[in-house]
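See below for the structure under consideration.
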Amino acid sequence: MRVLNYPFTPNTALVLDRYGNKRGGFPLKQGENLLPFTQKGCMLKDSFGNAFFIYEGEGVLEFADALKFYDFECLECENVEEYLMQGNFKNASSAQKRMAKEWVECYDLNLEKGAEYLTPNGFIRIEEELLNG
Numbered sequence: 135m136r137v138l139n140y141p142f143t144p145n146t147a148l149v150l151d152r153y154g155n156k157r158g159g160f161p162l163k164q165g166e167n168l169l170p171f172t173q174k175g176c177m178l179k180d181s182f183g184n185a186f187f188i189y190e191g192e193g194v195l196e197f198a199d200a201l202k203f204y205d206f207e208c209l210e211c212e213n214v215e216e217y218l219m220q221g222n223f224k225n226a227s228s229a230q231k232r233m234a235k236e237w238v239e240c241y242d243l244n245l246e247k248g249a250e251y252l253t254p255n256g257f258i259r260i261e262e263e264l265l266n267g
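Numbering (the working numbering), first residue to last: 135 to 267.
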């Protein structure tokens, strides 16, 4: 469970699977809401049509940081390392390039927040591989 700082008027968040089927729902109030982590293949959608995701991490999750879907389960550490060291990619697929750039976005946000603020699926694994070789 994680606290989400929700900026809009009270409404309902639906839990939807990848096919748009309703799997549950939660009431949302303006301000802090304690919500479960988003399960793989699912997303939350509020009454205004905003899709968002509750990721593991430290501190209160700001709504603006919950709007993008991140999943690094299939990201290869070598691609992140190449991107960090050379600023480009040699033989990575477009999906690997996108995920590597998104991983760096999360890492930069964590540095900015001074904590492991966003740790989506696979983030810690990549970080540990980069640090420990």
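Note that beta-carbon positions come from the ideal geometry of N, C-alpha and C, so glycine has one too.
All figures in this text were calculated on a predicted structure; none of them were measured in a lab.
Unbroken alpha helix (DSSP H) run spanning residue i, endpoints
i: F257; result: 257-266
i: R152; result: Careful: R152 lies outside any alpha helix (DSSP H) and carries neither H nor E.
i: L218; result: 211-220
DSSP beta-bridge partners of residue i
i: L88; result: Any property of residue 88 remains undetermined from this structure, which presents the chain solely from 135 to 267.
i: L178; result: V149, F186
Environment of residue i [buried if 16+ CB atoms lie within 10 Å]
i: Y153; result: exposed
i: E261; result: buried
i: V214; result: buried
The beta strand (DSSP E) enclosing residue i, as first and last residue numbers
i: C240; result: No beta strand (DSSP E) holds C240; the alpha helix (DSSP H) holding it covers 228-247.
Rounded Cβ spacing between residue i and residue j (contact assumed at less than 8 Å)
i: G165; j: L148; result: Going by Cβ atoms, the distance from G165 to L148 rounds to 20 Å, so no, they are not a contact pair.
i: E196; j: N139; result: 5 Å
Touching by the beta-carbon criterion (3+ pairs, under 8 Å), the segment 194-205 and the segment 246-261: yes
Given 8 Å, three or more beta-carbon pairs between the segment 218-237 and the segment 161-178: no
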